[in-house]
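Numbered per the working numbering, the first sequence spans residues 647 to 1092.
For reference, the structure discussed in these notes is given below.
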Amino acid sequence: MTKPIRVRFAPSPTGFLHVGGARTALFNWLWARKNKGTFILRIEDTDVERSTDASVDQIFESMKWLGLDWDEGPYFQSQRLDIYREHLQRLIDSKHVYPAFETKEELDAMRALAEAEKRNPIYDRRSLNLPSAEVQRLMETGTPFVWRFRVPDDGYTDVPETLMGGNAECRFHNPDIGDFVITRPGTLANPGMPLYNFVCVVDDALMDITHVIRGADHLSNTAKQVLMYQALGFEIPSFTHLPLILKNNKKMSKRDADADPRTPVSVSARRDLGYLRESTLNFLALLGWSFPGDRELFTVEELIETFTLERLVKSNANFDEDKYLFQNGWYIRNMPRPEIVARVKPFLAARGLSADGRSDEWLGKVIELEIERCRLLSDFADALEYFFKAPGSIDPKGVKKFLGDPAMADTLNAVADILAGLEPFAKDAMEAPLREMAEARGLGFG
RNA sequence: GCGGCCAUCGUCUAGGGGUCAGGACACCGCCCUUUCACGGCGGUAACACGGGUUCAAAUCCCGUUGGCCGUACCA
């Protein structure tokens, strides 16, 4: 038995949990559950400007709803600043980092110039080339500076990647990486907050993460991180970069605000629309992974049992709304009826349809009437509304078209007479006389 | 621009030297059904292109093209 598996999901609380993040969390969770490992939740909130408590709460809530329970954490990076400070000092002492004094504006100008000259916008190390007396003076006079990581002048950095790169290693040319920044601007007295590529490595190493499973948008960051692991003398974990989830062939992100209310990107909005956790997990698992043997529908237990990193797909996947909807409908139809009744209730209430005084049995019967047509839990509220309240308004066009016709009024009266005379009043008993009447009047039976 | 990754039906994918290239969603048709839906049956539809290697390439190699991601004092 080798080292126990430890994985983590590390969202930044700058918005709700979106379906892409949920899939990353799911694959980490599955890998932990499959291997009796540990699933850790870590909140990456070093960007104080953008992080909010509301986002943290919503992330927790969405993960709990999906059933992605964590074994350790949540850790908050904002509460671990002393740890990062300690490791930063190690990097300073070992000369792996150096202070850089350029302002944001200067850097923007340098980048613009590089672009205009069609050069790579790579930091030119001007602060590294400052005389040490000048560096000393600037620091002591309180000039704000950032810490930059000194990337080796030549050579290559290999990322031990299990998926991308054909199970080989992704190789980056060091001079292409550039000396990246690992803290925000600060002074000796007032140090700047540490940045992602630094804290991520410190935490993953200190938390004994064995497998880093994250989105492929982090692939190029990983080269920087490998360099940091080496500089800090940490053991490098294995990396698995998941193909991205695309929406209309573009990376799906929470920044594409939920333009269409029917197809939101946030997990909680999907839940509120009446998507089930079961179908959400099932559908998400199929985005970049496949169940062996043509299976498309499976339980979470089967998923845990079957999950392997080997069956992960390398190419990006478009989010297929139709398939998600279909699977949601399938789960609704195949769910035990008492369970469905319980799940539909909140959606009726949300629509102001009171089930007070109605038994679950009665609710079960009316739900059964529409269950094959409903693909979202919220569809039941639309479909069953007429059981709960009288029509609020009637389409005037419809009134004119049907009720304005004297023959129609006559027909309706005939229908009413037949129904009133029925004994007992049952569905089976009403069909024959109504058909007879329709035929006599030369009408379709529709 | 530079760097990295990727490339099978419209979409999600299976298949990794010899398959009629399989499944699912969507779409179309038929059946079931008073309608719709569900269900059943059937159908349209794919190996990006060009070179190699090989008796044999969707599968291996190289190139091209295309797509995506990154190129922050965000994560």
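Where is the CB? At the ideal position from N, CA and C, for every residue including glycine.
All values reported here derive from a predicted model rather than from experimental measurement.
Beta carbon of residue i nearer than 8 Å to that of residue j
i           : j           : result
residue 827 : residue 872 : no
residue 716 : residue 955 : no
residue 755 : residue 792 : no
residue 856 : residue 649 : yes
residue 898 : residue 862 : no
residue 891 : residue 937 : no
residue 977 : residue 922 : yes
For residue i, three-class secondary structure by DSSP
i            : result
residue 832  : strand
residue 859  : strand
residue 912  : strand
residue 758  : helix
residue 652  : strand
residue 926  : helix
residue 1180 : Examination of residue 1180 is not possible in this model, given that the chain is present from 647 through 1092 alone.
residue 892  : strand
residue 681  : coil
residue 646  : With the chain running from 647 to 1092 in the structure shown, residue 646 is simply not present.
residue 710  : helix
residue 742  : coil
residue 788  : coil
When the options are compared against residue i, the one with the closest alpha-carbon
i            : options                : result
residue 953  : 964, 927, 966 and 962  : 927
residue 846  : 875, 906 and 836       : 875
residue 888  : 895, 860, 896 and 867  : 860
residue 749  : 998, 830, 835 and 909  : 830
residue 822  : 759, 834 and 870       : 870
residue 687  : 714, 693 and 930       : 714
residue 673  : 655, 1034 and 757      : 655
residue 1023 : 994, 1009, 817 and 666 : 994
residue 666  : 931, 1013 and 988      : 931
residue 820  : 837, 808, 801 and 838  : 801
Contact set for residue i: own chain, Cβ-Cβ below 6 Å, skip 5 residues either direction
i            : result
residue 783  : none
residue 690  : 656, 658 and 723
residue 935  : 957 and 958
residue 1071 : Residue placement at residue 1071 cannot be trusted, given a pLDDT of 46 that sits under 50; what the coordinates show is reported in the next sentence. Contacts found: none.
residue 981  : none
residue 1034 : 999
residue 997  : 1027
Sequence-distant residues of the same chain with beta carbon closer than 8 Å to residue i, five excluded per side
i            : result
residue 1043 : Residue placement at residue 1043 cannot be trusted, given a pLDDT of 49 that sits under 50; what the coordinates show is reported in the next sentence. Within the same chain, residue 1043 has no close Cβ partners at all.
residue 684  : 650, 651, 652, 653, 678, 717 and 718
residue 973  : 925, 928, 929, 942 and 943
residue 751  : none
Close beta carbons around residue i, own chain, < 7 Å, minus the five adjacent residues each side
i           : result
residue 917 : 711
Residue i CB to nearest heavy atom of the ligand HEM below 7 Å
i           : result
residue 658 : The model depicted lacks the ligand HEM and carries no ligand whatsoever.
Pair every Cβ in the stretch 941-953 with every Cβ in the stretch 790-803, then say whether three or more of these pairs are closer than 8 Å. Three or more beta-carbon pairs separated by less than 8 Å are not found between the stretch 941-953 and the stretch 790-803, which leaves the two stretches without contact.
Quick one: any contact between the stretch 870-885 and the stretch 723-732, if contact means 3 or more CB pairs under 8 Å? The stretch 870-885 vs the stretch 723-732: no contact.
Taking 8 Å as the threshold, find out whether the stretch 736-743 comes into contact with the stretch 691-705 through three or more Cβ pairs. no
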